[in-house]
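J.:
This is how it looks when you write it as structure tokens:
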């Protein structure tokens, strides 16, 4: 153990000496690193695998600038993980360790960190709030058991808050709400609760009421224990570790006493409405005497409704002013679920065998790809072989690490319920399922099959092939959104092309939302991303991390295409290759598919009994031909969506190859799409602008020039919140224009809403531009 500690200490010294941070010298970084090692390395063996009921895998999620990273930093400080409070503005936080994050003051990559709080192990992931990095939130929530939703108490539910909340809903993750920034002048408890209720369609149960408001915010009253918690610190320099905690008395403040009693009564009624067990207890033992209900019974009820997602506990505080974070940590351990309280049906078939999901990959120059795994069953050990079901291959794990942001500690093993960082997995990517061996995957598939057969009361036994069995128990991966921006990227010289390709491959493996393709006509490399900031960050990383000065072409919008009418086309391919003659005849119909107007999908169907008449190989060749035709539309060559294809007939002469079948189908599809009349679809963004009333007319005038459509203008304290939809093509450089129009007093956020047909004038302008005529 002393040897391991020594190795880690030397690594920390080297890292700190080469630290690129301009705000902290390496000696300060070393001090923080050593304080972490001194406490955690000593007890590493004892705490590496705590009881599963004491583990909490949680994520911090919110709109940008709501205070996620600041809240995380306070949690690390109060838990003893760090010895100094980091600040986003100073660029010295633990989880925002990338140079780009520290310069911009935003979170770009989700960072995992492990710490202990009151005999509980907390694996925490700080997620980004910017819409360009939604995938980071998605893959973090995929493997977490609970989440903390952070709100700006002066703004309530914002645009990206709604997005991440929907992601948590999709994965059925229990949440705790934290109303941050209660010290802001515009902070409003009632407004925040109402926005949670109205916009998120959630049932908030208030567990605390604030003492004071705005700059006068000094503490909280816990409605469960009726404890009054006050922090005396007047500035950020006072760390808030020590605070006064005593029972609230009616003589302290009559108004606060009355408010707390009223809020506690409302809490009890809310819990009784959604929890039958608590309602029976309340009516049977305590009647109308609400004060007699013990705190422990209240906590149990809050935990039940949280885990069942019938309600969400709401707490408040101010992370920047170091108030209210310790009660939030208590709520995380008391109300959010342990790994064994989450229902993972698929995992039970593996029993004690290893089953884990890879949810993130980070490239390290010395150690290669580092793969984050969520362990669902079994245990993970270094120097062991594992089987990747998705890649159908065996790999070897050389080391197992506990993640501590950008610092990691090697451990001898890690059990189910934990999040691990592994070294040695060369082929594994985000979304892959890792098991102990191929035999264990086959055995799990057989157990699952037997369970299905028993549930169906003796249904005829299904055929089992080993390949099919091993692929039937794959954990659901991560849905990757389609990119909306793209541009060309070129190396400074041709000699750097191979280095650029290597860098792009590594970045794609880290970030699946980044797509790289080669233009078939020009041979140029095309970089596709989720937004301007996304591509800008990737360009900067290539320069800093891989030392390649690349050139980016003009940013372009990823349009889509569809058709306007139904058309039936027939085509025959008759070609002789060598001594073989290949003859294929295809008849098909393409038509607009209204059902997929909000998605990027196309449909393939077969008319009559033709599907049963075709062999599986020919059917696959036909599907491949249709899908390849969908990649290039008839107007500008953009991918096609909202199109339904019905195969009427396929006639294949004996001896004709499957490649010719695909080629004939693709050619027939192209003919049909051209005859059906093309329509360009453009990405339309949901835009939310918060602006002072004096600048509202200027912002509205600018949006009108951008083909924007304003849906609503809401009042939010002293500001106006403008809700609109705007074509993405018109939003290039909008942040700079908005700052100029409002003297820097406005903020905005946007996310992809849908793909909508362009009006004829805008489409003609685009066609002329693409043709070089304007």
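Numbering (my numbering), first residue to last: 1086 to 1859.
Note that the Cβ used here is the ideal one computed from N, Cα and C, for glycine as well.
Fair warning: this is a prediction, and the values are worked out from it, not measured in the lab.
Between the beta-carbon of residue 1576 and the beta-carbon of residue 1645, is there less than 8 Å?
T.: No. Outside cutoff.
J.: Indicate whether the contact test is met: 3 or more Cβ pairs, each with one atom in the region 1206-1224 and one in the region 1144-1151, closer than 8 Å.
T.: With a cut-off of 8 Å, the region 1144-1151 and the region 1206-1224 count as touching, because enough Cβ pairs lie within range.
J.: Return the chain-ordered list of same chain residues with a C-beta closer than 7 Å to the C-beta of residue 1592, the five sequence neighbours on each side being excluded.
T.: Only 1599, 1623, 1626 meet the Cβ criterion.
J.: Should residue 1441 and residue 1458 be called a contact, given that it needs their Cβ atoms to be closer than 8 Å?
T.: A contact, by the Cβ cut-off of 8 Å.
J.: Once you ignore the five residues that flank residue 1281 on each side, which residues in its own chain have a CB closer than 8 Å to its CB?
T.: Excluding positions up to five away in sequence, the list reads 1236, 1241, 1242, 1262, 1287, 1289, 1397, 1399.
J.: Tell me whether residue 1312 sits in a helix, a strand or coil according to DSSP, three-state version.
T.: Here residue 1312 sits in strand by DSSP.
J.: Excluding sequence positions up to five away, which residues of its chain have a Cβ less than 8 Å from the Cβ of residue 1785?
T.: Correct list, in chain order: 1795, 1807.
J.: Starting from residue 1265, follow its DSSP beta bridges and name the residues at the other end.
T.: DSSP lists 1237 as partners of residue 1265.
J.: Residue 1811 and residue 1788 look like a contact to me (Cβ under 8 Å); what is the Cβ gap, rounded to whole Å?
T.: Right, the Cβ-Cβ distance comes to about 6 Å (below 8 Å), so this counts as a contact.
J.: Would residue 1198 pass as a contact of residue 1180 if the rule is Cβ separation under 8 Å?
T.: Yes, they are a contact pair.
J.: Under a three-way DSSP split, which group does residue 1342 fall into?
T.: If DSSP states are grouped into helix, strand and coil, residue 1342 belongs with the helices.
J.: Looking only at its chain, what residues have a beta carbon closer than 7 Å to the beta carbon of residue 1689, apart from the 5 residues adjacent to it on each side?
T.: So the list reads 1708, 1711, 1730, once near-sequence residues are dropped.
J.: Compute the Euclidean distance between the alpha carbons of residue 1849 and residue 1656, then round it to the nearest angstrom.
T.: When rounded, the distance between both Cα atoms is 31 Å.
J.: If the criterion is Cβ atoms closer than 8 Å, does the pair residue 1508 and residue 1427 meet it?
T.: No, these two residues do not count as a Cβ contact at 8 Å.
J.: Contact check, residue 1506 vs residue 1460 under 8 Å by CB: the rounded distance?
T.: Not really, about 11 Å apart at Cβ, beyond 8 Å.
J.: How many angstroms separate the CA atom of residue 1611 from the CA atom of residue 1515?
T.: Distance between the alpha carbons of residue 1611 and residue 1515: 22 Å.
J.: Could you check which residue in 1389, 1836, 1377, 1767 has the C-alpha nearest to that of residue 1358?
T.: Taking only the C-alpha atoms, the option nearest residue 1358 is 1389.
J.: Going by DSSP, which residues form a beta bridge with residue 1142?
T.: 1208.
J.: First and last residue of the alpha helix (DSSP H) that includes residue 1180?
T.: No alpha helix (DSSP H) contains residue 1180, which DSSP labels as neither H nor E.
J.: What does the Cβ neighbour count give for residue 1829, buried or exposed, with the cut at 16 atoms within 10 Å?
T.: Its Cβ having fewer than 16 others within 10 Å, residue 1829 is exposed.
J.: Tell me which residue opens and which closes the beta strand (DSSP E) that residue 1816 is part of.
T.: First-last for residue 1816: undefined, no H or E at that position.
J.: Measure the alpha-carbon distance for residue 1535 versus residue 1429 and round it to whole angstroms.
T.: Answer to the nearest angstrom: the Cα atoms are 18 Å apart.
J.: For residue 1844, count neighbouring C-beta atoms within 10 Å of its own C-beta (all shown protein chains included) and say buried if the count is 16 or more, exposed if not.
T.: The residue is exposed, with fewer than 16 neighbouring Cβ atoms inside 10 Å.
J.: Tell me which same chain residues have a C-beta within less than 8 Å of the C-beta of residue 1080, skipping the five on either side of it?
T.: Nothing in the structure corresponds to residue 1080, since the chain is present only between 1086 and 1859.
J.: Tell me the start and end of each unbroken alpha helix (DSSP H) in the region 1564-1621 that is at least 4 residues and wholly inside, in chain order.
T.: Taking only runs of at least 4 residues, the alpha helix (DSSP H) segments lying wholly in the region 1564-1621 are 1582-1595.
J.: Confirm, please, whether the CB-CB distance from residue 1294 to residue 1344 is below 8 Å.
T.: Against a cut-off of 8 Å, the Cβ pair of residue 1294 and residue 1344 comes out as a contact.
J.: Using a 10 Å radius around the Cβ and a threshold of 16 neighbouring Cβ atoms, would you call residue 1217 buried or exposed?
T.: By the neighbour-count rule (16 or more Cβ atoms within 10 Å), residue 1217 is buried.
J.: Could you spell out where the alpha helix (DSSP H) holding residue 1704 opens and where it closes?
T.: First-last of the alpha helix (DSSP H) with residue 1704: 1701-1715.
J.: Please report the residue range of the beta strand (DSSP E) in which residue 1696 lies.
T.: Unbroken run through residue 1696 is the alpha helix (DSSP H), 1695-1698; no beta strand (DSSP E).
J.: Relative to the C-alpha of residue 1838, which candidate in 1437, 1779, 1768, 1524 has its C-alpha closest?
T.: Of the candidates 1437, 1779, 1768, 1524, the one whose C-alpha sits nearest the C-alpha of residue 1838 is 1768.
J.: If you run the structure through DSSP and keep just helix, strand and coil, what is residue 1130?
T.: For residue 1130, the predicted model reports a pLDDT of 40, less than 50, meaning its position is unreliable; a value from the coordinates is still stated below. Residue 1130: helix per DSSP, three-state reduction.
J.: Does the Cβ of residue 1148 have 16 or more other Cβ atoms within 10 Å, making it buried, or fewer, making it exposed?
T.: Counting Cβ neighbours within 10 Å, residue 1148 comes out buried, since at least 16 surround it.
J.: Would you report the Cα separation of residue 1471 and residue 1528, rounded to the nearest angstrom?
T.: Between residue 1471 and residue 1528, the C-alpha separation is close to 15 Å.
J.: Specify the secondary structure class of residue 1653 as computed by DSSP and reduced to three states.
T.: Reduced to three states, the DSSP call for residue 1653 is strand.
J.: On the DSSP bridge assignment, give the partners of residue 1833 in chain order.
T.: For residue 1833, which the question treats as bridged, DSSP gives the partners 1774.
J.: Inspect the CB distances between the region 1557-1568 and the region 1578-1596 and report whether three or more fall short of 8 Å.
T.: Judged by Cβ distances under 8 Å, the region 1557-1568 makes no contact with the region 1578-1596, as fewer than three pairs qualify.
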